[in-house]
Amino acid sequence: MKTVGILGGGQLARMMVLAGTPLGVRFIVLDPAPDACASQVAPMVNGGFADANALDEFAARADVATFDFENVPAESADSLLKRVPVFPNPRALGIAQDRLAEKTLFGELDIPVAPFAVVDNRVQLDEAIASVGTPCILKTRRLGYDGKGQFRLLSPADADAAWDALGAQASKVGLILEGFVEFERELSVVAVRDRHGEFRSWPVTENWHVDGVLSASLAPASVSDVLAEQATSHARKVADALDYVGVFALELFCRDGELLANEMAPRVHNSGHWTIEGAETSQFQNHLRAVLGLPLGATRMLGHACMLNWIGAMPAPEAVLAEPSGHWHDYGKAAREGRKVGHATLRADSAAELAAALERVGDSLDRAGQVAPVVERLRKL
Ligand code: ATP
Ligand code: MG
Ligand code: MG
Numbered sequence: 087m088k089t090v091g092i093l094g095g096g097q098l099a100r101m102m103v104l105a106g107t108p109l110g111v112r113f114i115v116l117d118p119a120p121d122a123c124a125s126q127v128a129p130m131v132n133g134g135f136a137d138a139n140a141l142d143e144f145a146a147r148a149d150v151a152t153f154d155f156e157n158v159p160a161e162s163a164d165s166l167l168k169r170v171p172v173f174p175n176p177r178a179l180g181i182a183q184d185r186l187a188e189k190t191l192f193g194e195l196d197i198p199v200a201p202f203a204v205v206d207n208r209v210q211l212d213e214a215i216a217s218v219g220t221p222c223i224l225k226t227r228r229l230g231y232d233g234k235g236q237f238r239l240l241s242p243a244d245a246d247a248a249w250d251a252l253g254a255q256a257s258k259v260g261l262i263l264e265g266f267v268e269f270e271r272e273l274s275v276v277a278v279r280d281r282h283g284e285f286r287s288w289p290v291t292e293n294w295h296v297d298g299v300l301s302a303s304l305a306p307a308s309v310s311d312v313l314a315e316q317a318t319s320h321a322r323k324v325a326d327a328l329d330y331v332g333v334f335a336l337e338l339f340c341r342d343g344e345l346l347a348n349e350m351a352p353r354v355h356n357s358g359h360w361t362i363e364g365a366e367t368s369q370f371q372n373h374l375r376a377v378l379g380l381p382l383g384a385t386r387m388l389g390h391a392c393m394l395n396w397i398g399a400m401p402a403p404e405a406v407l408a409e410p411s412g413h414w415h416d417y418g419k420a421a422r423e424g425r426k427v428g429h430a431t432l433r434a435d436s437a438a439e440l441a442a443a444l445e446r447v448g449d450s451l452d453r454a455g456q457v458a459p460v461v462e463r464l465r466k467l
């Protein structure tokens, strides 16, 4: 079996390794942090993503390369491509790394997005606010994740504060102003496309964020068949346009029954973690199958599933493990404020059972607030 090289050694790489091991896949991980959590389960080259020596050693040890970290410099991906096949392809990676390029692509594919405008300087910020309207969000075009590099403006009077917060980034990573979408829900489509263009997606997932960080995901989302079909068709169009190979996620806002695309992630995605226990084939295994040219596995789900993210520090596992379908994932990372350190997935045959399990776990772990919106959604089914 081949060796898959993964750029980035975080929890996504770690879960890829865990999913690929039964297939006999071997791995090599590249990460600048010597204690990257995937290094606990796979050999690692310790070095930066732009470090030519580290990239050389990594390429020499891999048969095919893929990403855990979406912000690997495009030049590094290009130079790797001279040595090994790279999936997704560097062009797809480059577009997904830049909010402007990604929104432009969505527009070309007739996928609706919130109004937006590029902001290169302070004067353009005022012009952008006038054209986009308030409330709105100023975001870095590149390198943002978990809501970092964003500033919310409630009125034009907030322009100075927004510029103080992010203005220095304009010349480095670019800025974009987006209209704030008063959404009813946030959805994501996690999907996979193989080397022959075969496309499969998991059931649409509903997501809840707290302070810009994913807190909980529920699948299947309770959306109409028409909306689910629309969401999936948007994802398919994006994948085909990019000749994408591997797993990716399309994040969507749903407002007044209509979908607006927020962004895409060119990699396995936090809102697809429930697929490990909640679907016939997980996003991690299907990603590996796609990049290795193996047949894709079925994406149908097994009942109802909810994933809860553990941010900052791991809670005690007993309450989740005591549930008949409670699953625990500890990423082996040191506790740190705001850091994703693990998750749990609860699965059940019915929405009512899942709601009851979530309430028990929420009460035991003193996290009633985290489970409440999911329970409320399930109770309405
Ligand atoms: P990720 O970790 O998903 O890559 P990110 O840093 O790239 O996050 P976004 O997905 O753009 O950031 O924003 C994080 C969250 O902030 C969104 O999931 C959503 O809850 C909220 N948000 C972002 N943009 C908007 C918007 N235009 N209108 C309303 N809410 C928004
Ligand atoms: Mg993002
Ligand atoms: Mg996002």
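Sequential numbering from 87 applies to the sequence shown in the numbering used here.
Every residue gets a Cβ at the ideal spot worked out from N, C-alpha and C, and that includes glycine.
Hey, Arg185 and Lys225: beta-carbon distance below 8 angstroms or not?
Locating residue 185 in the sequence shown gives position 99, where the first residue counts as 1. Locating residue 225 in the sequence shown gives position 139, where the first residue counts as 1. Yes, Cβ-Cβ distance for Arg185 and Lys225 is below 8 angstroms.
Which runs of the beta strand (DSSP E) fall wholly inside the region 324-399 and span at least 3 residues, in chain order?
332-341, 344-351 and 390-397
Measure how close the beta-carbons of Gly379 and Arg281 come, nearest whole angstrom, since I'm counting them as under 8 angstroms.
The count along the sequence shown starts at 1 and reaches residue 379 at position 293. The count along the sequence shown starts at 1 and reaches residue 281 at position 195. Their Cβ separation, rounded to whole angstroms, is 5 angstroms, which keeps Gly379 and Arg281 in contact under 8 angstroms.
Please list, in chain order, all residues of the same chain as Phe237 whose beta carbon is under 6 angstroms from its beta carbon, the five residues on each side excluded.
Translated into positions along the sequence shown, residue 237 becomes position 151. Only residues of its own chain outside the window of five on either side were considered, and among them Leu224, Ala248, Ala251 and Leu252 have a CB closer than 6 angstroms to the CB of Phe237, listed in chain order.
Between the Cα of Trp288 and the Cα atoms of His359, Lys258 and Val90, which residue gives the shortest distance?
Position 202 of the sequence shown, counted from the start, is the residue given in the question as residue 288. Considering only alpha carbons, the answer is His359.
Under the DSSP definition of a beta bridge, which residues are partnered with Ser287?
In the sequence shown, counting from the first residue as 1, residue 287 sits at position 201. Partner(s): Ala277.
With H, G and I counted as helix, E and B as strand and the rest as coil, what does DSSP make of Met130?
Counting from one through the sequence shown, the residue named residue 130 turns up at place 44. Met130 falls in the strand class under three-state DSSP.
Taking just the CA atoms, how far does Ser217 sit from Ser411?
Within the sequence shown, the letter at position 325 stands for residue 411. Within the sequence shown, the letter at position 131 stands for residue 217. Going from the Cα of Ser411 to the Cα of Ser217 covers about 50 angstroms.
Give the DSSP bridge partners of Thr431, in chain order.
Residue mapping note: residue 431 aligns to position 345 of the sequence shown, counting from 1. Paired residue(s): Met393 and His413.
Segment limits, alpha helix (DSSP H) that includes Val199
Here residue 199 is taken as the residue at index 113 of the sequence shown, counted from 1. No alpha helix (DSSP H) holds Val199; DSSP gives it neither H nor E.
Heavy atom of ligand 2 less than 7 angstroms from the Cβ of Glu349, yes or no?
As a working mapping, residue 349 is identified with position 263 in the sequence shown. In this structure, ligand 2 has a non-hydrogen atom nearer than 7 angstroms to the beta-carbon of Glu349.
Is the beta carbon of Thr318 sitting closer than 8 angstroms to the one on Val275?
Against the sequence shown, residue 318 aligns to sequence position 232. Against the sequence shown, residue 275 aligns to sequence position 189. The answer is yes: Cβ separation under 8 angstroms.
Does ligand 2 have a heavy atom nearer than 7 angstroms to the CB of Tyr417?
Taking the first residue of the sequence shown as position 1, residue 417 is located at position 331. The answer is no for Tyr417.
Cα-Cα separation between Ser125 and Met387, rounded to whole angstroms:
The residue labelled residue 125 in the question sits at position 39 within the sequence shown. The residue labelled residue 387 in the question sits at position 301 within the sequence shown. Cα-Cα distance, rounded: 30 angstroms.
Beta-bridge partners of His295, as assigned by DSSP:
On the sequence shown, position 209 is the one that residue 295 refers to. DSSP lists Leu300 as partners of His295.
So who's on the other strand from Val115, going by DSSP bridges?
Reading the sequence shown from its first residue, position 29 is the one you call residue 115. In the DSSP secondary-structure assignment, Val115 is bridged to Ile92 and Met130.
Rounded to the nearest angstrom, how far is the Cβ of Phe370 from that of Met87, given a contact under 8 angstroms?
Mapped onto the sequence shown, residue 370 falls at position 284. Mapped onto the sequence shown, residue 87 falls at position 1. Going by Cβ atoms, the distance from Phe370 to Met87 rounds to 16 angstroms, so no, they are not a contact pair.
In chain order, what residues of the same chain lie with their CB nearer than 6 angstroms to the CB of Arg353, ignoring the 5 residues before and after it?
Position 267 of the sequence shown, counted from the start, is the residue given in the question as residue 353. The beta carbon of Arg353 is closer than 6 angstroms to those of Phe153 and Glu156 in its chain, skipping five residues each way along the sequence.
How about Leu263 and Val199: do their beta carbons lie closer than 8 angstroms?
Position 177 of the sequence shown, counting from 1, holds the residue named residue 263. Position 113 of the sequence shown, counting from 1, holds the residue named residue 199. The answer is no: Cβ separation not under 8 angstroms.
Along the chain, where does the beta strand (DSSP E) that runs through Val150 open and close?
Here residue 150 is taken as the residue at index 64 of the sequence shown, counted from 1. Per DSSP, Val150 belongs to the beta strand (DSSP E) from Val150 to Phe153.
Residue from Ala302, Gly343 and Ala327 with nearest C-alpha to Asp311
Locating residue 311 in the sequence shown gives position 225, where the first residue counts as 1. Of the listed residues, the one whose Cα sits closest to Asp311 is Gly343.
Which residue marks the beginning of the beta strand (DSSP E) containing Glu264, and which one marks its end?
In the sequence shown, residue 264 corresponds to position 178, counting from 1. Residues Leu261 to Gly265.
CA-to-CA distance, Ala335 to Asn395, given in whole angstroms:
To locate residue 395, count along the sequence shown from 1; it is residue 309. To locate residue 335, count along the sequence shown from 1; it is residue 249. Approximately 17 angstroms between the Cα atoms of the pair.
Assign Asp117 to one of two classes, buried (16 or more other C-beta atoms within 10 Å of its C-beta) or exposed (fewer than that).
Along the sequence shown, one-based indexing puts residue 117 at 31. It counts as buried.
If we call anything under 8 angstroms between Cβ atoms a contact, is Glu423 one with Gly398?
The residue given as residue 423 occupies position 337 in the sequence shown. The residue given as residue 398 occupies position 312 in the sequence shown. Against a cut-off of 8 angstroms, the Cβ pair of Gly398 and Glu423 comes out as a contact.
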